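Shown next, in structure tokens, is the structure this report addresses.
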Amino acid sequence: NLISSHRQERGLLVPGVFRKMPLSLLLCLASLLGHCSSTSMGILCTNNNMRGTSEEKWSWECNFDRSPSICSYSRTDCSTCENIGEQVDGYRKYTEGGLHFDIGEGGWDCSDQCLNEPPWNREEMISSMQACDDDDDDVCKYTCHPNGSCQVEYVGPFRSGPKMGSCFQPSFGGSCSGTPKECQNCNIVCL
């Protein structure tokens, strides 16, 4: 009988070969083999005025030989203007032999980033924001970058004229060009 060849330990069915291992070691082994739950969850977008925003962050750490050590990713998405959004996190961890395992939904291959010039431990982030109105007449989409530059895009019904605009980061003067007439300069929205 398959059930009798397993032993019940703290609510888990444990194969006989693992009977003498502590539960914490079994859970660690399971995570190394990729049998862990994902790290995607719902978040409340009404906290911290997050409605209408989306943020993605990639980070990586590299070894001195330019091989990857850990590659992380996270995404906070409240862009639908609903009260509930999604948070996704995870990472890829490399072993000394070049093997890797992923935890959560965010693992990615950062080998190319490690081959680039130093610094080898970096983080890149992309943020976007749109106004959330109850009357659905918002026709502008704003994308804000960590360095202070930004873009605005007209997403309303077809019409002639500029559909995209952008502003330089403040260290380059912060000037804007091409802003559609229905939209604000994105450096005002992205304060």
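Here the sequence shown is numbered in our numbering, starting from 1010 and rising by one per residue. For each residue, glycine too, the CB sits at the ideal point set by N, CA and C. Keep in mind the model is a prediction, meaning the values are calculated, not measured.
Looking at the secondary structure, which residues open and close the alpha helix (DSSP H) in which residue i lies?
i       : result
Gln1122 : 1120–1124
Cys1195 : 1195–1198
Considering only residues of the same chain and omitting the five flanking positions on each side of residue i, which have a CB-CB separation below 7 Å?
i       : result
Gln1193 : none
Val1198 : Met1138, Tyr1151
Glu1148 : The sequence shown places Val at residue 1148, rather than the Glu named in the question. Closer than 7 Å at Cβ, skipping near neighbours: Tyr1163, Val1164, Gly1165, Glu1191.
Cys1080 : Trp1069, Tyr1100, Arg1101, Gly1116, Trp1117, Asp1118, Cys1119
Leu1200 : none
Suppose you measure from the CA of residue i to the CA of residue j; what does that come to, to the nearest Å?
i       : j       : result
Trp1117 : Glu1095 : 19 Å
Tyr1100 : Phe1177 : 32 Å
Ser1180 : Pro1155 : 12 Å
Gln1139 : Gly1061 : 5 Å
Glu1114 : Thr1152 : 24 Å
Ile1135 : Lys1190 : 25 Å
Ser1083 : Ser1186 : 31 Å
Cys1195 : Gly1106 : 47 Å
Cys1087 : Met1050 : 12 Å
Thr1085 : Asp1074 : 33 Å
Cys1141 : Cys1090 : 6 Å
Tyr1103 : Ile1052 : 29 Å
Cys1071 : Asn1125 : 10 Å
Pro1171 : Val1161 : 11 Å
Ser1078 : Arg1168 : 49 Å
Asp1121 : Asp1111 : 18 Å
Cys1159 : Ser1076 : 33 Å
I'd like to confirm the pairing. Which residues does DSSP put opposite residue i in its beta bridges?
i       : result
Cys1054 : Answer is none; Cys1054 lacks a bridge partner.
Ser1063 : Asp1086, Ser1137
Gly1174 : Val1161
Cys1192 : Note: Cys1192 sits in no beta bridge, so no partner.
Ser1049 : Val1097
Ser1186 : Ser1175
Ser1169 : Ser1169 pairs with nothing; no bridge assigned.
Ser1068 : Ser1081, Glu1132
Please go through the same chain and pick out, in chain order, the residues whose beta-carbon is closer than 6 Å to the beta-carbon of residue i, but skip the five residues on each side of it.
i       : result
Glu1132 : Ser1068
Asp1098 : Thr1048, Ser1083, Gly1113, Gly1115
Glu1064 : Thr1085, Ser1136
Lys1066 : Ser1083, Met1134
Quick check: is the beta carbon of residue i nearer than 8 Å to any beta carbon in chain D?
i       : result
Gly1165 : Here there is only one protein chain, and chain D is not present.
Return the chain-ordered list of same chain residues with a C-beta closer than 8 Å to the C-beta of residue i, the five sequence neighbours on each side being excluded.
i       : result
Ile1093 : Gly1051, Ile1052, Leu1053, Cys1054
Gly1183 : Gly1157, Cys1176, Phe1177, Asn1196
> Of all the alpha helix (DSSP H) runs that stay within the bounds of the stretch 1075–1124, which reach a length of 4 or more residues?
Replying inline: 1120–1124
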